[in-house]
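Asker:
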Amino acid sequence: MRKCQNCNMSFSWSKIYKAFLGWVYKPVKCDNCGVEHEITIPGRLIFVSLTGLPMLLFIIFFSPFNNFFATLGVGLAILSIGSLFVPYFVKFKVV
0 MRKCQNCNMS FSWSKIYKAF LGWVYKPVKC DNCGVEHEIT IPGRLIFVSL
50 TGLPMLLFII FFSPFNNFFA TLGVGLAILS IGSLFVPYFV KFKVV
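See the structure below:
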């Protein structure tokens with residue numbers, strides 16, 4: 000799990016995950032020292048490579064289903080599963 004660059008306190012998984020919800024990436028604030036950390040550009044690329052890219056690759060190229068809704072359902076499941084791993088791999092920098 001990622002830690003604060005100022006005081007080395009670990010961020011919770013849910014705190015990092017909530018930073019990705021919505022249209023705009025939100026900074027993560029340390030509960031111990033109050034320093035804000037924002038997601039780096041490589042961190043954003045990691046987010047896309049773990050969520051959107053596998054879903055799109057499955058839907059466009061690898062779908063074994065002839066049914067659109069089955070393909071979309073599996074694609075959304077892939078997106079959901081990939082998003083669960085994002086807090087472990089994303090990078091932050093101090094604002």
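Note that numbering that gives the first Met the number 0 has the sequence shown beginning at 0, numbered continuously upward.
Virtual Cβ for every residue (Gly too), placed ideally from N, Cα, C.
Helix, strand or coil for Ser-9 per DSSP?
Answerer: Here the question's residue 9 lines up with position 10 in the sequence shown. If DSSP states are grouped into helix, strand and coil, Ser-9 belongs with the strands.
Asker: If I'm right that Ile-38 touches Phe-88 with Cβ under 8 Å, what's the distance once you round it to whole angstroms?
Answerer: Taking the sequence shown and counting its residues from 1, one reaches residue 38 at position 39. Taking the sequence shown and counting its residues from 1, one reaches residue 88 at position 89. Beta-carbon to beta-carbon, Ile-38 and Phe-88 are separated by about 11 Å, too far to satisfy the 8 Å threshold.
Asker: For the putative contact between Cys-78 and Gly-51, defined by C-beta atoms under 8 Å, what is the C-beta separation to the nearest angstrom?
Answerer: Position 79 of the sequence shown, counting from 1, holds the residue named residue 78. Position 52 of the sequence shown, counting from 1, holds the residue named residue 51. Correcting the residue identity first, residue 78 is Leu in this sequence and not Cys. 7 Å between Cβ atoms; contact.
Asker: If you drop the 5 nearest sequence neighbours on each side, which residues of the same chain put their C-beta closer than 8 Å to that of Ile-45?
Answerer: Position 46 of the sequence shown, counted from the start, is the residue given in the question as residue 45. Excluding positions up to five away in sequence, the list reads Val-85, Phe-88, Val-89 and Lys-90.
Asker: Following the continuous alpha helix (DSSP H) through Ile-45, name the residue where it begins and the one where it ends.
Answerer: By 1-based counting over the sequence shown, the position of residue 45 is 46. For Ile-45, the enclosing alpha helix (DSSP H) stretches over residues 40 to 49.
Asker: Express the C-alpha separation of Val-47 and Ala-18 in angstroms, rounding to a whole number.
Answerer: Counted from its first residue, the sequence shown places residue 18 at position 19. Counted from its first residue, the sequence shown places residue 47 at position 48. Straight across, the Cα-Cα distance linking Ala-18 with Val-47 is about 14 Å.
Asker: By DSSP's criteria, Lys-92 is part of a beta bridge. Which residues make up the other side?
Answerer: In the sequence shown, the residue the question calls residue 92 occupies position 93. Beta-bridge pairing links Lys-92 to Glu-37.
Asker: Apart from the five residues just before and just after Asn-31, which ones in its own chain have a Cβ nearer than 6 Å to its Cβ?
Answerer: Residue mapping note: residue 31 aligns to position 32 of the sequence shown, counting from 1. Correct list, in chain order: Cys-6 and Met-8.
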